[in-house]
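Chains as they are written, first to last, in our numbering: chain A, 3 to 398; chain B, 33 to 348.
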C-alpha cells in the first residue's frame, strides 16, 4: 500500500471524526464557549496573588495622637478590611468566633512607650491555618510599622533642638558619619527583570491556558475509541483494511484542529482582555502544538485501554488529578520538594508551562526549551503509539 | 470443480483452557451460500473472527482466495465484507455518510465512494432515507445499511453473522433475495444462523458443535442423515403426553410439532408395535400416528444432543 492510500485512510477517519464532533451540537457549543469563558474567569481569579480585603479587627486602646496616626496609615492599606472596635472592653481573641483572620491591638501606653524609651509592642493575633495569608499579613504589618517608625525618625531629626546639633558638631567626623548612616534607612537597590510590574497574570496565563486545554483534550479524546468499542463499530473498523496507526492519526487530527481553534480563542482573551503580551509567536505555537499532541495522545491511550466510556472518563480524572498540583501551572515548581519534581516532569503541562514562560516572559533563546520540546514530542509518540498498539483489543 | 475459495486446515482457537474452535477443516467454493449452523456458543463467531483476521489462530491455518487469513490479513480484508451480529454503524452519521466512510476505509477514492454509495442506496431501497441518521432507521433498514456498507468495495466474499436475527419475515425475505442475487453474480456468502428455515436456503450447511464440525452437506443431504423416518403421535391432551413420552424407555427425546408429539428413538417401529399391544397411559387418549421426514430442526437437535444412533455417520 502506498502513501496515497494511507492518506486516503487517514482522511476518511478524520472526516468521520469531524462529523461526530459537528453532529454533537451541545458538546460543540461547550467546546467553543467554555475555554474562553474559563480563561476570563480564571484570569480574574488569579489576577494577583497578594491577599486583599482580609477581615480583621483593629482595637486602639491607646487613643493617643500617635496611635490615631498609625490607625489612619494602616486603614489605607487595601490588604485589610478593618472592623474598628472601641477601646474597651479588651478584645475577644477567638478569631473564629469573631469571624476574622487577624486582630491587631494597640495597647494602652503605646504612645508613651514610643517617647519614654521603653516601647510597648503592638499585639497581633493571626489565623495560621492559612499559611500563606498569615505570613503575608505579618509582613505587611511590619512594613507599615517600619514606614511609620522612619517617618517618626525623620520628624525627630528635623525637630532636634539647636544645642544638640551644636553638640553633634563637636563629635569626631567618623563617629558623626557612623551615626548618620545608622539613622538613615538601609536600602536595597533592586531591578526586577522580565516582569517588572510583577503582574501575576503574566506569569499564570500559560498555566490557565495549558490547564484548560489539558482537561478538554484528554476528556474529549478519552471517549473516542471507547465509544466505538461500545457501539461495536471498532470491530467493524478492524475488519476494514485500515491500519491501526492510520486510525489513530485520523482520530488525532480533527481534535488537533479543534484544539488549535481553542488556543486561538483563549490567547485572544488573554491578550485583548488581560493585556498579556505574547513574544515569539512562532515558537509559542510550536510549544502549543507539541503539548496538544502529547495531551491528545494521552486521551487516546486512556481510550484504547478502557472498556467503557464511563471507565475512560474515570481514568481521565485519575490522570488529570495529580497534574493540577504538580505541574507548576499556578505556582512555581520550586515550591515542590526535590524528590517530588521527577514526577512533575512526567506531565506534559509542566514542560508546556516551563517552555512557554521561558520564551514569553524571559525571552530565552530557543535552545533553552529544546529539552522540554523533545520530552513533549516523546510523550506524543509514546501515547499515540501505545494507543495504536492497544487498539487491537476489541471486545470478545 | 474449481479451486475452493475458502480453505480451513485444522483451524484452532483456545482462550485459556476453553477451546472455542477445535481443529476445523473444510473448504467452500466460489459462489456458494454457506450456512454455518450451531447453538449459541458453538464457536461460530470465533470462527468468523479467525477468518476475518481479527484474532490469531492458536493452531492450524486458513486461506481465503489463496492468502493466509492471519499473515496476509490486510490484503485478505479487501476481499470480503463483514456484517456483524450487532448493529455496528455510526448512529449519528447519515446513511450516505456511513457508506462513504466505509468506502474510504476500504481504500476507494472519494469519487468511487460516492458513486458506490449512490448505487447501494438504490439497490437496498434506502433512497428516501439517504440523508437520515442511521439511528433513525428501522431494524430492517439498519440491517440493509449494514449489508450495503459491507458491500461498498464490491468484495467477492461476504461474511454475515446472524444477519436476520430480530427481523420480521418480510425483511428476512428481502435480505435473502439480496443474498441470492449476490451469489448468482458470483459472490461467495458465508452466513451464520440458528434459524432452521434459513439453513434450508443455503446451498451448503456446516454444522458446528462445541467447536467441532459435525457435518457439512447440502440441506437435502443433511436431512437424509436420519436412518429412518420419524414417528409422530396424536395424543390428547398433548402436554401431559409430551411429559410422559419423554420419560419413556427407548425414547431419546420428544418435541411438540404442529400439535403432535415427534419422537426421537432408535427403534420407533418397535415402540409403536408395543403401544399397539398395550397403551400404558390410561389417562391419555391416543388417536393416531404418522411417519414424517426429518427436517433441519431435527438434524440440529440430533447433532447437538449427540443422538448418533439416529444418524448415519456420513450422509449418503
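Here a beta-carbon is modelled for each residue, glycine too, at the ideal position from N, C-alpha and C.
Residues of the stretch 227 to 241 of chain A with a Cβ closer than 9 Å to any Cβ of chain B, in chain order: 230, 233, 234, 235, 236, 237, 238, 239, 240, 241.
Proximity of chain A to residue 125(B) at the Cβ level (cut-off 9 Å) is accounted for by 18, 21, 22, 25, in chain order. Runs of alpha helix (DSSP H) with 4 or more residues, each lying fully within the stretch 257 to 338 of chain A, are found at 283 to 307, 311 to 328, listed in chain order. The criterion of a C-beta distance shorter than 9 Å is satisfied by residue 273(B) and residue 265(B). Bridge pairing for residue 102(B): absent [DSSP]. In this structure, the CA atom of residue 379(A) is about 19 Å from the CA atom of residue 256(A).
The beta carbon of residue 136(A) does not come within 9 Å of any beta carbon belonging to chain B, so the residue lies off that interface. Relative to residue 126(A), the option among 101(A), 40(A), 118(A), 95(A) whose CA is nearest is 95(A). Here the alpha carbons of residue 127(B) and residue 157(B) stand approximately 12 Å from one another. Considered as a whole, the stretch 272 to 323 of chain B harbours 283 to 289, 292 to 297 as its complete beta strand (DSSP E) runs of no fewer than 3 residues, in chain order. For residue 126(B), the beta-bridge partners assigned by DSSP are 165(B).
The C-alpha of residue 163(A) lies about 36 Å from the C-alpha of residue 192(A). With fewer than 16 other beta carbons inside 10 angstroms of its own, residue 50(A) counts as exposed. In terms of CA proximity to residue 323(B), 293(B) leads the group 317(B), 336(B), 293(B), 311(B). Annotated three-state conformation of residue 168(A) is helix, per DSSP. For residue 49(B), no Cβ of chain A is located within less than 9 Å of the residue's own Cβ. Taking 9 Å as the CB threshold, residue 390(A) stays off the interface with chain B.
Bridge pairing for residue 62(A): 108(A) [DSSP]. Under DSSP, the beta-bridge partners assigned to residue 258(B) are 343(B). Contact annotation: in the stretch 132 to 166 of chain B, residues whose CB is within less than 9 Å of a CB in chain A are 132, 133, 134, 135, 136, 137, 138, 139, 140, 141, 142, 145, 165.
The three-state reading of DSSP puts residue 208(B) in helix, counting H, G and I together. Taking 9 Å as the threshold, the shortest C-beta distance from residue 107(B) to chain A falls below it.
Think of a sphere of 7 Å around the beta carbon of residue 243(A): the chain B residues whose beta carbon falls inside it are 106, 109, 110, 138, 139, in chain order. By the criterion of a C-beta distance shorter than 7 Å, residue 53(B) is surrounded in its chain by 43, 44, 45, 75, 78, 79, 82, 243, once the five residues flanking it on both sides are discounted. In terms of CA proximity to residue 92(B), 41(B) leads the group 209(B), 66(B), 41(B). DSSP places residue 54(A) outside any alpha helix (DSSP H), giving it a letter other than H or E.
Around residue 311(A), the same chain offers 225, 228, 229, 232 as residues with beta carbons nearer than 7 Å, after the five sequence neighbours per side are excluded. Scanning the stretch 333 to 386 of chain A from its first residue to its last, the whole alpha helix (DSSP H) runs of 4-plus residues come out as 343 to 346, 350 to 362. About 7 Å separates the beta carbons of residue 386(A) and residue 254(A), which is inside the 8 Å limit, making them a contact pair. For a Cβ distance threshold of 8 Å, residue set 234, 237, 238 of chain A lies close to residue 116(B), ordered along the chain.
Interface with chain A (9 Å Cβ-Cβ cutoff): residue 121(B) is included.
Residue pairing by DSSP leaves residue 248(A) without any beta bridge partner.
Across the structure, residue 146(A) and residue 136(A) are spaced so that their CA atoms are roughly 16 Å apart.
DSSP places residue 58(B) in the uninterrupted beta strand (DSSP E) bounded by 50 to 60.
Shown here, residue 48(A) sits in coil according to DSSP, grouped into three states, outside any helix or strand. For the stretch 66 to 86 of chain B, residues whose beta-carbon sits nearer than 7 Å to a beta-carbon of chain A comprise 84, 86.
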